[in-house]
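Asks: Could you have a look at this structure, given as structure tokens, before my questions?
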Amino acid sequence: AAPNMQEIMTKASKKALSGGLAGMGAQAINVLALMWMRTIMNYQYRYGGGLVETTKKLYAEGGIPRFYRGLAPGLIQAPVSRFGDTAANDGALAALEHTSLP
């Protein structure tokens, strides 16, 4: 017998939560690993300059912590955003898996 709506929604919400949490964790790791590069690219976009030149300028402005300015907002915004889109996608796929949609 086909599952009823309650069973479908329960399964979809569990998949949405687990997928969302996985996406959230992956995005937090991404922010931590690549924040320094984003800082350099943002500086280059605004002021120009090459990679080595910009890196030296930023390091002179504040050492290693200079590359991680804005880390706290990045660790909040990016993972929450990733949770939302991953949860929505996984939830929708689980909710629709019992349909005849392609």
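All the letters of the sequence shown, read from the start, carry residue numbers 1 to 102 under the UniProt record's numbering.
Quick reminder that beta carbons are idealized off the backbone N, C-alpha and C, glycines included.
Please read all numbers here as calculations on a predicted model, not as lab measurements.
1. Classify T86 as helix, strand or coil using the three-state DSSP reduction.
2. Under the rule that 16 or more other beta-carbon atoms within 10 Å means buried, what is L58, buried or exposed?
3. In chain order, what residues of the same chain have a beta carbon less than 7 Å from the beta carbon of G74, not counting five sequence neighbours either side?
4. Spell out a yes or no on whether the region 3-14 and the region 64-74 are touching, meaning 3 or more CB-CB pairs, one atom from each, closer than 8 Å.
5. Is the distance from the Cβ of G20 to the Cβ of F83 below 7 Å?
6. Between the C-alpha atoms of A22 and A16, what's the straight-line distance to the nearest angstrom?
7. Measure how close the beta-carbons of T55 and I76 come, nearest whole angstrom, since I'm counting them as under 8 Å.
Replies: Based on what the coordinates show:
1. helix
2. buried
3. Correct list, in chain order: V31, M35.
4. no
5. yes
6. 10 Å
7. Taking 8 Å as the upper bound for CB-CB distance, T55 and I76 are not in contact here, some 26 Å apart.
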